[in-house]
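In the working numbering, the protein residues as written are 1 to 238.
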């Protein structure tokens, strides 16, 4: 589609590499900090590691904003998600894999492979871009810079996404973490990915508990619950 092609051509590959590098560095620093917290406060109550973990994630968000001011680059939300996924896979292979059953090992690896494929498809896929702007008489401007059109024949929503600078059929929202709009063509894939991330996290925690790394994994769980602090900050917003 014409709009879809123009959207992809506007992306500077070197800028994408720079933003991905910022995200990768922040992920490494965050994971290293969480690991050190779990090591230094191994005999303390969970409250102290909790406080330091929150401070770590806030510091990563601040670092991302500073990178924008210093280098003109923000971190990339999709790169942040992929880097965290790769870190989980790396930690699983190096530390946890030896202590889990063969069945859990197969399930977890298959899940991660499918998640990577799904992320690739939703990042580069067409959510339902339309070729042309809807007629002016059928457009109602909304307060959030989106437009709405309902066809009496197709009964489909066509909305404008300011992030993608395109009109999307069946528009639901723009997902910074997946770097694309969620529309008619990828809504099912979006829901499958969400379920896949939850399942993979559950398998990861189960395997970690079997390898007797419960305290370290509690911090990783905390990171997972609080990562929206970073994803919703200007550090990763597209």
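Every residue gets a Cβ at the ideal spot worked out from N, C-alpha and C, and that includes glycine.
Just the C-alpha distance for residue i and residue j, rounded to the nearest angstrom, thanks.
i: residue 107; j: residue 17; result: 32 Å
i: residue 52; j: residue 81; result: 22 Å
i: residue 198; j: residue 114; result: 13 Å
i: residue 91; j: residue 159; result: 41 Å
i: residue 183; j: residue 203; result: 29 Å
i: residue 109; j: residue 95; result: 14 Å
i: residue 19; j: residue 77; result: 9 Å
i: residue 262; j: residue 186; result: With the chain represented from 1 up to 238, any question about residue 262 goes unanswered, as that position is not in the structure.
i: residue 25; j: residue 161; result: 30 Å
i: residue 260; j: residue 31; result: In the structure as shown, the chain starts at 1 and stops at 238, and residue 260 therefore has no counterpart that could be examined.
i: residue 191; j: residue 97; result: 28 Å
i: residue 86; j: residue 163; result: 27 Å
i: residue 105; j: residue 55; result: 33 Å
i: residue 29; j: residue 157; result: 42 Å
i: residue 193; j: residue 165; result: 25 Å
i: residue 62; j: residue 23; result: 12 Å
i: residue 79; j: residue 128; result: 23 Å
Just list the residues that DSSP pairs residue i with in beta bridges.
i: residue 257; result: The question about residue 257 has no answer, for the chain in this structure spans 1 to 238.
i: residue 181; result: 174
i: residue 129; result: 168
Going by C-alpha distance, which of the options is nearest residue i?
i: residue 58; options: 33, 122, 78; result: 33
i: residue 168; options: 111, 84, 112, 126; result: 126
i: residue 116; options: 157, 89, 28, 62; result: 89
How many whole angstroms separate the CB atoms of residue i and residue j, which I take to be in contact at a CB cut-off of 8 Å?
i: residue 200; j: residue 111; result: 5 Å
i: residue 189; j: residue 118; result: 6 Å
i: residue 27; j: residue 83; result: 4 Å
### Message
Using 8 Å as the cut-off, can you tell me whether the segment 170-177 makes contact with the segment 94-102, which would need three or more C-beta pairs spanning the two stretches below that distance?
### Response
no
#### Entry: Three CB pairs or more closer than 8 Å across the segment 176-187 and the segment 118-132
yes
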